[in-house]
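J.: Chains as they are written, first to last, in the numbering used here: chain Z, 1 to 114; chain L, 1001 to 1116. From the three backbone atoms N, C-alpha and C, an ideal C-beta is built for every residue, glycine too. Just passing along the structure, written as structure tokens.
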């Protein structure tokens, strides 16, 4: 089954403790992206990757890092999480850049930073 | 800057009522248009999409949307909603800019609550 797999689904952490949210897709998509979803703000793009070793900032990249060492994986790294990063995070992949023909989304990671 | 507006933030309907959710975007170039649906506790799923051709597109579960270029709109419709349509609906626009650069922008979402 074609899918984007995110882990963990839920995460509670403390301020400053580094964490990684994993994302993996099995569709051989070149384009992958991370979004955060906040009430009233919709989805905002954090980072995206056009291909292996090619990443770029989205609209809200501050406080986040990403890497793309393999085509299937696109982890999101919070090196020093802060409470304002409490949010629902989605990984998405697409055949064409920027979801030109539509995204496949992961199931989401609800992160709480206390 | 490219933007997408969904004017209805929260819509409450009774079952069998007709639905229309508004979506307007601000970009004059070539666009692909999407509606995504997010059921409670789940991820976003593609509901329907418009690339070109017939401006009336049909998606899954009886949903349809009409692209009106002159109004920069892509409204979502369903003739008769069901309780299972309770979800949040997001409009999204993929815009192709000079040099091949593409960007997708999501609206802020409309929460639909269908009362049995």
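So that I know if they touch, is there some Cβ in chain Z lying closer than 8 Å to that of residue 1102/L?
T.: By this cut-off, residue 1102/L is an interface position.
J.: According to DSSP, simplified to helix, strand and coil, what is residue 98/Z?
T.: Helix.
J.: To the nearest angstrom, how far is the alpha carbon of residue 1092/L from that of residue 1003/L?
T.: Each residue's Cα considered, the two are about 9 Å apart.
J.: Can you tell which of 85/Z, 1/Z and 21/Z has its C-alpha closest to the C-alpha of residue 9/Z?
T.: Ranking 85/Z, 1/Z and 21/Z by Cα distance to residue 9/Z puts 21/Z first.
J.: Along the beta strand (DSSP E) that carries residue 38/Z, what are the first and last residues, could you check?
T.: Per DSSP, residue 38/Z belongs to the beta strand (DSSP E) from 31-38.
J.: Measure from the alpha carbon of residue 1087/L to the alpha carbon of each residue in 1007/L, 1036/L and 1052/L, then state which is nearest.
T.: Per the Cα distances, 1036/L.
J.: Distance check for residue 1074/L and residue 98/Z, CA to CA, integer angstroms please.
T.: Approximately 19 Å between the Cα atoms of the pair.
J.: Between which two residues does the beta strand (DSSP E) harbouring residue 1065/L extend?
T.: Run containing residue 1065/L: 1064-1068, per the beta strand (DSSP E) assignment.
J.: Of all the options 31/Z, 13/Z and 63/Z, which has the alpha carbon lying nearest to the alpha carbon of residue 4/Z?
T.: Among 31/Z, 13/Z and 63/Z, the Cα nearest to that of residue 4/Z is on 31/Z.
J.: Hey, how far is the Cα of residue 74/Z from the Cα of residue 33/Z?
T.: Cα-Cα distance, rounded: 8 Å.
J.: Give the range of the beta strand (DSSP E) segment to which residue 1011/L is assigned.
T.: Looking at the DSSP string, the run of the beta strand (DSSP E) that includes residue 1011/L is 1010-1014.
J.: Does the distance from the CB of residue 1080/L to the CB of residue 1018/L come in under 8 Å?
T.: Taking 8 Å as the Cβ cut-off, residue 1080/L and residue 1018/L qualify as a contacting pair.
J.: Flag this pair as yes or no: are the beta carbons of residue 1023/L and residue 1056/L separated by less than 8 Å?
T.: No, they are not a contact pair.
J.: Hey, could you find the ends of the beta strand (DSSP E) residue 1091/L is sitting in?
T.: Its beta strand (DSSP E) spans residues 1087-1096.
J.: My output table needs one value for residue 985/L: the three-state DSSP class, helix, strand or coil.
T.: This structure leaves residue 985/L out entirely; chain L is present only between 1001 and 1116.
J.: For residue 1062/L and chain Z, any beta-carbon pair shorter than 8 Å?
T.: With 8 Å as the cut-off, residue 1062/L does not count as an interface residue toward chain Z.
J.: Rounded to a whole number of angstroms, what is the C-alpha to C-alpha distance between residue 1103/L and residue 1015/L?
T.: One C-alpha to the other measures close to 36 Å.
J.: Using beta carbons (cut-off 8 Å, strictly below), is residue 1032/L in contact with chain Z?
T.: It does: the Cβ of residue 1032/L has a partner Cβ on chain Z nearer than 8 Å.
J.: Please go through the same chain and pick out, in chain order, the residues whose beta-carbon is closer than 6 Å to the beta-carbon of residue 1059/L, but skip the five residues on each side of it.
T.: Once the five neighbours on either side are set aside, the close Cβ partners of residue 1059/L are 1047 and 1048.
J.: Which bits of chain L does residue 100/Z rub up against, with CB to CB less than 7 Å?
T.: What residue 100/Z touches in chain L: 1032, 1094 and 1102.
J.: For residue 1045/L, which of helix, strand or coil comes out of DSSP?
T.: Residue 1045/L falls in the strand class under three-state DSSP.
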